[in-house]
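Protein sequences appear in the order of chains C and W. Each step along the first sequence adds one to the number in this note's numbering, with nothing skipped, and position 80 is 80. Each number in this note's numbering comes from the position in the second sequence (counting from 1) with 1000 added on. Ideal placement from N, C-alpha and C gives every residue a C-beta, glycine not left out.
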Amino acid sequence: MFASKWLQRIVGYKDCTSQSFSKVIRNYSVLSRNCPNQNSTSSLPGNSIRSVQTHNSEKGEDMKYDILEASLKHVKNHGWSDAALKLGIADMGLSEACISMFNLGGVEIALHYDKTLNEELEDMMAQQQDDRLPGSEPPPIAHFLKDAIKTRLELQLPYYDRWAEALSLVVDPKVVPRATEQFAHLIDDIWFYAGDKSTDINWYTRRATVAAVYGMTELFMIQDESPDFAETWAFLDRRLSDLEKMGENRLELEKELNNVGDITKAAFIIARNMLGR
Amino acid sequence: MLARRAVRTVGVCTRYCTRYTSTVGDEPELEDYEEYPSDKYKRSEEMIQRFLRVDHAGEVGANDIYAGQMAVLGRSKEAPLIQHMWDQEKVHRDKMNELIVEHRVRPTVLMPFWRAAGFALGAGTALLGKEGAMACTVAVEDTIVTHYTDQIREIIDQGKEEEFKELLQTIKKFRDEELEHHDTGIEHGAELAPQYKLLTKVIKVGCQTAIKVAERL
């Protein structure tokens, strides 16, 4: 009885008792469109049109985005956990049963936060590309990579204390596919804006190596106590220069491999000559 | 950054609510869907990714097939003909390289393998003589023409003709040129190759497998 009255207030329907929970969820979207002051989407920080554009396919997705944004505020005190999710849901004034929307539990907050930061980095890089004067040279690759990785890691600083926890949660096999997909997209974006135009196996080696560098730098940063993370950026510099050296060695190796191609060709030419063509 | 977020907030509210009163003071009103700077550089959709991946692999592989044929038949009477077809394939390959960069498509991971296999196929059939080389060309081009036609049909079936107009035109043009190569092969004695039917069947099956694998991998 009490529950139905509470639902009535939220959803604004006279007869709530017969409503299934899925209807309540659907009506939430209707409510947020019709109600000018009750919807909490507008007052949350960082909630933006991107949520509408990218999550338009299913109305429930907008709500997920909003709940996760609301839960972020509680991560400082409760970590990336179900407790933070529950508090976020309570902030939105929704039923506690909403937590069943999040299969992976509290980790979803971390994945969501990671995604929003990736999108922010993408926007920054795209803006930089747009602002560059048409005739000018793009920045050197190592410089750009360092800039991009540094910026992305710095974006996570507000949750620095809970970061190690997030990294340890992401290793769970249920979470790994989604997390690696997001990470792969991030590295692909960084290379795209760095000006990578490779169309062969280089595409893969470049991304694999920079992903490894990023991962190592992130781990280093968690335990770095130097002022302004100076040691981390020095570490990043060293790793990127390692990559450059590897790149030079690889070019040498490729020249040698071309010889193998020539030798194969020669074998066919000999066969041709022996067959008298 | 903070100002940018505040401006975005105004935008979202005008989309959701009709009677919103701005709480951010003097920020300008936004259109309903303001574009994000990264929106014009987004990765293309999954179907196009698959199509371009396999088309790219196909064109690079075809180049290597002709390279193999030239390695063996480079000093024969047919060399100018094969060279001419190879030059056309080079144009295709360059265009495909451009397209996969433009659409941010992941190239196939087995590229070195396709290249080696293509070279071996071209050179191996050319060792059977000029007819063998022509038979190989006929078989490969036949598979490619069918494949391109399937792609064109799928794009049109999904109603995305307008969205991918340029890409569709490119694929149509390539399909027509590959058909020309197929006809050239037949003209120059492909059917006289030893075990023509078996040879072309084996090559076609190999190409179709390669296409299936290259789409995903």
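State the start and end residues of the unbroken alpha helix (DSSP H) segment that holds residue i.
i         : result
C:TYR160  : First-last for C:TYR160: undefined, no H or E at that position.
C:GLU248  : 230-274
C:TRP191  : 176-194
C:HIS112  : 107-131
C:ASN202  : 201-222
W:ALA1220 : Any question about residue 1220 of chain W goes unanswered here, given that chain W covers just 1001 to 1217.
C:LEU85   : 82-92
Looking at residue i: is its Cβ nearer than 8 angstroms to the Cβ of residue j?
i         : j         : result
W:GLN1069 : W:ALA1126 : yes
W:SER1038 : C:GLU122  : yes
C:PHE192  : W:TYR1041 : yes
W:VAL1109 : W:GLN1049 : no
W:GLY1206 : W:GLY1118 : no
C:GLU165  : C:GLY79   : yes
W:GLU1178 : W:VAL1145 : yes
C:GLY195  : C:ILE141  : yes
W:LEU1128 : W:ALA1067 : no
C:VAL170  : C:ALA184  : no
C:LEU240  : C:LYS146  : yes
W:THR1200 : W:ALA1135 : yes
C:MET92   : C:ILE109  : no
C:GLU218  : C:LEU153  : yes
W:GLU1161 : W:ILE1155 : yes
C:ASP188  : C:ARG207  : yes
W:ILE1186 : C:THR199  : no
W:GLU1059 : W:GLU1089 : yes
C:LEU186  : C:ASN258  : no
Run the CB neighbour count on residue i, radius 10 Å, all protein chains shown included, and call it buried at 16 or more, exposed below.
i         : result
W:GLN1169 : exposed
C:LEU253  : exposed
C:VAL260  : exposed
C:VAL107  : buried
W:GLN1151 : buried
W:PRO1112 : exposed
W:GLY1025 : For W:GLY1025, the pLDDT reaches just 45, beneath the cut-off of 50, and the residue's location in the model is therefore unreliable, leaving the point undetermined.
C:VAL213  : buried
C:TYR113  : buried
W:ALA1133 : buried
W:HIS1092 : buried
W:VAL1072 : buried
W:GLY1122 : buried
W:TYR1033 : Only weak support is given to the placement of W:TYR1033: the predicted model assigns it a pLDDT of 48, under 50, and the value that follows is read from those uncertain coordinates. W:TYR1033 should be labelled exposed.
W:ASP1157 : exposed
W:VAL1202 : exposed
C:VAL24   : For C:VAL24, the predicted structure reports a pLDDT of 46, less than 50, and the residue's modelled location is therefore unreliable. The matter cannot be settled from this model.
C:MET63   : buried
C:SER71   : buried
C:SER81   : buried
W:MET1085 : buried
W:PRO1107 : buried
C:ALA222  : Strictly speaking, residue 222 of chain C in this sequence is Ile, with Ala absent from that position. Exposed is the call here.
C:ILE270  : exposed
W:ASP1064 : buried
W:LEU1167 : buried
So residue i and residue j are supposed to be a Cβ contact under 8 angstroms. How far apart are they, rounded?
i         : j         : result
W:ARG1053 : W:ALA1210 : 12 angstroms between Cβ atoms; not a contact.
C:THR232  : C:PHE220  : 5 angstroms
W:MET1096 : W:ASP1142 : Actually they are not in contact, since the Cβ atoms of W:MET1096 and W:ASP1142 sit about 20 angstroms apart, beyond 8 angstroms.
W:TYR1148 : W:PHE1174 : 6 angstroms
W:HIS1188 : W:GLU1078 : 7 angstroms
C:LYS174  : C:LEU104  : 6 angstroms
C:LEU155  : C:GLU120  : 6 angstroms
C:ALA148  : C:MET125  : 7 angstroms
W:ALA1057 : W:GLU1131 : With a Cβ gap of about 27 angstroms, W:ALA1057 and W:GLU1131 do not count as contacting.
C:VAL75   : C:TYR159  : 6 angstroms
C:GLN182  : C:LEU111  : 7 angstroms
Open item on the list: Which complete beta strand (DSSP E) runs does the segment 1054-1135 of chain W hold, if anything under 3 residues is left out?
Closed with: none
TODO: Counting only runs of 3+ residues fully inside the segment 1136-1192 of chain W, write out the beta strand (DSSP E) ranges in chain order.
DONE: Those beta strand (DSSP E) runs which fall completely within the segment 1136-1192 of chain W and span 3+ residues do not exist here.
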